[in-house]
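Data block below; observations after.
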Amino acid sequence: MSKDRYKKFDKRIGCLQFGFTLFIAILLVYLFLIQVVDIRQYRDRAKKQRSSKLFVLRGEILDRNGFKLASDNTSFNLYAHPMYYDHTPQELAQILSPYVNIPVSSLTKTLSQDNPVILIKKGLDRKVAELIKSERLREISLEVKNKRVYPQGTLASHILGYYNADADMAGGIEYVAKDYLEYFDKNISYEKTPNGDIIYNFNTNPEDIAAPIKGKTLTLTIDSAIQHICEKYLNKTIQKTKALRGAVVVLDPKTGELLALAVYPYYNPNNYQKYSLMEMKNWAITDVYPPGSTFKVITVACGMINGKINKNSKIADTGKMKMGWWEIKNYDYAAHPNPGLIDLVYLFQHSSNVASAKVAHMMEPQDFYDTLKLFNFGEKTGIDLPGESSGILPQPRNWDIATHGAMGYGYGTSATAIQMASAVAAIANKGVWITPHVIKYTPEEAETKIVKRRVMDEQSAQDLTKILAESIERGKNIAKMDEYYVAAKTGTSRRPLDNGAGYSNKLYTSMVGYLPASDPRVLVYVVVDSPQGEAIWGSTVAAPIFKDIITELVKIMNLNPDKKKNG
0 MSKDRYKKFD
10 KRIGCLQFGF
20 TLFIAILLVY
30 LFLIQVVDIR
40 QYRDRAKKQR
50 SSKLFVLRGE
60 ILDRNGFKLA
70 SDNTSFNLYA
80 HPMYYDHTPQ
90 ELAQILSPYV
100 NIPVSSLTKT
110 LSQDNPVILI
120 KKGLDRKVAE
130 LIKSERLREI
140 SLEVKNKRVY
150 PQGTLASHIL
160 GYYNADADMA
170 GGIEYVAKDY
180 LEYFDKNISY
190 EKTPNGDIIY
200 NFNTNPEDIA
210 APIKGKTLTL
220 TIDSAIQHIC
230 EKYLNKTIQK
240 TKALRGAVVV
250 LDPKTGELLA
260 LAVYPYYNPN
270 NYQKYSLMEM
280 KNWAITDVYP
290 PGSTFKVITV
300 ACGMINGKIN
310 KNSKIADTGK
320 MKMGWWEIKN
330 YDYAAHPNPG
340 LIDLVYLFQH
350 SSNVASAKVA
360 HMMEPQDFYD
370 TLKLFNFGEK
380 TGIDLPGESS
390 GILPQPRNWD
400 IATHGAMGYG
410 YGTSATAIQM
420 ASAVAAIANK
430 GVWITPHVIK
440 YTPEEAETKI
450 VKRRVMDEQS
460 AQDLTKILAE
470 SIERGKNIAK
480 MDEYYVAAKT
490 GTSRRPLDNG
500 AGYSNKLYTS
510 MVGYLPASDP
520 RVLVYVVVDS
530 PQGEAIWGST
540 VAAPIFKDII
550 TELVKIMNLN
560 PDKKKNG
């Protein structure tokens, strides 16, 4: 009996020994495969943990003349790691105090904190950082930080936008051109220690990592001098009239390049966190409004394109008229109750609502609509800035007789400031519409980025330009200049209620024009939202801004006069 028990016991022990031996053998094989063969690819994973891509500074943003608008400023944050202390807090404070300009007593207190990582100081420059590195302190680390700097402050802020390196968050051109600004044609990477020191091996090229790498420099079409005068005069009027907001668009009608885009309220992108989204919004491209009488320029252009009117046309202006359920009248009805048969110069000079509505009614709704689409109403212009709106252009099947007529004097549709500017610029450019843009493209890039299309025959566009210029010359318009013919039109429209149901008692005042009329080189569009005071019109609010700007523009751009001097 006992022998059988001993045999069973020996058998169990043998099995256990075999199992244990097998386990050890498998473990040894497994360890061999991991440590020698590296089946789990731990070497590659460790290498990836040590690897770091080269820190790339964003490229600079310049205006068309090389004036710096944005650049990167590299700084360093200094940290202490108590678990690696080789020195006492007081000893460490004595070493670091001269570099960080913090008293030894205060620095000792900071370094004595019971935290795994202690922030000592932010924003150290590269020279100081290199001196601290030369101390070879194991318990100290330096974190490189990239801060975007806008040396001109608020200038062109709604074009530039902002950039937050920590959150990789951007707006404006900083957002649109992110890949370009950060582009570098070499994919440089290297290995580093936990403290951030570079591990030099046979694959490390010291030249590649000796200096910070910069992305591409981006040149804009903006002229800082023109941008400045636009912001100055816009701000002056906003403060005087206590208006809600305003915008000025200045562009070259021949190229579609924006020379300035001033949008009030202004903000400083260096401290963008302090501003509300409403203040930072580029409402000149995002918000729509009824353009009012400036749209009469487009209505007359559409009438010419559709063969309904020409430069010699006369229209019966009755001063007021009924369109279905809606009665309209001219703003100067009290002074000119029944103007009679008027020409197109009179239409613009007196801003005739009746004549403009009649021109609209000469066209079939679908024809008028299709022509407005040619001018890019109801569509995004494609400007190279984020957040653009398409505007509002109702389908012609939804037009009644009142809506059809109201389209003629700028109430049936809603547009953005950039839509209005680029549409009128097509007339200035002898009938060719061009995509407005703020990035200075190479000829090769322009072929894919910039759309050009003829919307009006050259002769009709020139005829309309002469009519607009004559309307300024014939009257007492503030935009009249001694040495230049100016083709321009003012506008005033009621501000829609925020819920879209009807209109408020606030107004939009605007003016659009270009010069020299004989060979247009620059177009200016001004819009001011909700100015306060008496006699609020486009001619009293927007026109003075327009005049101040073009008076300085002709000097900055050195434009040749096209008006012969008397005597």
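Under numbering that gives the first Met the number 0, the letters of the sequence shown match residues 0 to 566, in that order.
Where a beta carbon is used, it is the ideal one built from N, C-alpha and C, also for glycine.
Check                                                                                                                                                        : Outcome
I'd like the span of the alpha helix (DSSP H) that includes I341, first residue to last.                                                                     : Taken as a continuous stretch (DSSP letters only), I341 belongs to no alpha helix (DSSP H), being part of the beta strand (DSSP E) at G339 to D342.
So what does DSSP say about G122, is it helix, strand or coil?                                                                                               : strand
Are the Cβ atoms of L260 and A283 separated by less than 8 angstroms?                                                                                        : yes
Assuming G291 and Y263 are in contact, meaning their beta carbons sit under 8 angstroms apart, how far apart are those beta carbons, in whole angstroms?     : G291 to Y263, Cβ: 19 angstroms. No contact.
Grab me the residues of Q531's own chain with a C-beta within less than 8 angstroms of its C-beta, minus the 5 sequence neighbours each way, in chain order. : T240, K241 and A242
Rounded to the nearest angstrom, what separates K310 and K357 at their Cα positions?                                                                         : 16 angstroms
Could you check which residue in K121, Y483, V553 and E326 has the C-alpha nearest to that of S517?                                                          : Y483
Could you compute how far the alpha carbon of N76 sits from the alpha carbon of A24?                                                                         : 51 angstroms
What separation, rounded to the nearest whole angstrom, lies between the Cα atoms of S74 and L61?                                                            : 22 angstroms
Quick one: grab the DSSP three-state call for Y368.                                                                                                          : helix
In this structure, what does DSSP give as the bridge partners for V521?                                                                                      : L514
Relative to the C-alpha of Y507, which residue among P88, T539, G160 and D528 is closest?                                                                    : D528
With F294 as the anchor, note down where its alpha helix (DSSP H) starts and where it stops.                                                                 : Here F294 belongs to no alpha helix (DSSP H), and DSSP marks it neither H nor E.
So, does the segment 357-375 touch the segment 391-405, judging by three or more C-beta pairs under 8 angstroms?                                             : yes
Please report the straight-line C-alpha distance between K126 and V540, rounded to a whole angstrom.                                                         : 53 angstroms
How far does the alpha helix (DSSP H) with V353 in it reach, from first residue to last?                                                                     : N352 to M361
Throw me the rounded Cβ distance for the A79 and L130 pair, which I believe falls under 8 angstroms.                                                         : Contact flag wrong, Cβ pair sits at about 16 angstroms.
Is the Cβ-Cβ distance between I391 and V287 less than 8 angstroms?                                                                                           : yes
Can you tell me which of S350, F183 and Y162 puts its alpha carbon nearest to the alpha carbon of V175?                                                      : Y162
Run the CB neighbour count on L496, radius 10 Å, all protein chains shown included, and call it buried at 16 or more, exposed below.                         : exposed
Between which two residues does the beta strand (DSSP E) carrying R453 extend?                                                                               : K451 to R453
Less than 8 angstroms between C-beta atoms, sequence neighbours within five positions excluded: which residues of the same chain meet that for S223?         : D62, N64, F66, L68, Q151, L154 and A155
In terms of residue numbering, what span does the beta strand (DSSP E) encompassing K479 cover?                                                              : Taken as a continuous stretch (DSSP letters only), K479 belongs to no beta strand (DSSP E), as it is neither H nor E.
Give the range of the beta strand (DSSP E) segment to which N72 is assigned.                                                                                 : K67 to A79
Could you spell out the range, first to last residue, of the alpha helix (DSSP H) harbouring M406?                                                           : I400 to G407
Does the Cβ of Q16 have 16 or more other Cβ atoms within 10 Å, making it buried, or fewer, making it exposed?                                                : exposed
Round the Cβ separation of G420 and P442 to the nearest angstrom and send it over; I've been treating them as touching at under 8 angstroms.                 : Sequence check: residue 420 is Ala here, not Gly. That pair is no contact at about 24 angstroms.
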